[in-house]
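Numbering (this note's numbering), first residue to last: 41 to 116. Please read the structure below before turning to the comments.
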Amino acid sequence: MNKLFTKEWFIAAGIRALKTVAQTAVGIIGAATIIEAVEWKTVLSASILAGVLSLLTSLAGLPELKNDETKGDHTL
């Protein structure tokens, strides 16, 4: 069964993308020595780009949805 663009796919891909966005933001913010040195436009644009790339990567497949036995299991 093709699981691309199903409700389960959107949930799993969305969770993955949100985690990627958060990890990217933390990485960029953490690279600044002080909070005033954070370039918020850079954090936002890099995080959004990472989220989009994560969704595009999910088009190749999500291990969470590899067979019918895991359908509905969104544990990441």
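We put the beta carbon where it would ideally sit given N, CA and C, even for glycine.
Assigned exposure category for residue i - 16 Cβ within 10 Å defines buried
i, result
"leucine 105", "buried"
"leucine 116", "The pLDDT assigned to leucine 116 is 48, lower than 50, so where the model puts this residue is not dependable; a value taken from the coordinates is nonetheless given after this. Under this definition leucine 116 is an exposed residue."
"glutamate 109", "Note on glutamate 109: pLDDT 44, under 50, position unreliable in the model; the coordinate value appears next. So glutamate 109 counts as exposed."
"leucine 96", "exposed"
Span of the alpha helix (DSSP H) around residue i
i, result
"isoleucine 88", "80 to 98"
"glycine 70", "47 to 71"
Residue from the options with nearest C-alpha to residue i
i, options, result
"valine 61", "Val92, Lys47, Leu44", "Val92"
"isoleucine 88", "Leu44, Val66, Ile74", "Val66"
"lysine 59", "Ile75, Gly101, Ser94", "Ser94"
**OP:** Take every Cβ of the stretch 47 to 57, pair it with every Cβ of the stretch 66 to 74, and state whether three or more of those distances are shorter than 8 Å.
**Re:** No contact exists between the stretch 47 to 57 and the stretch 66 to 74.
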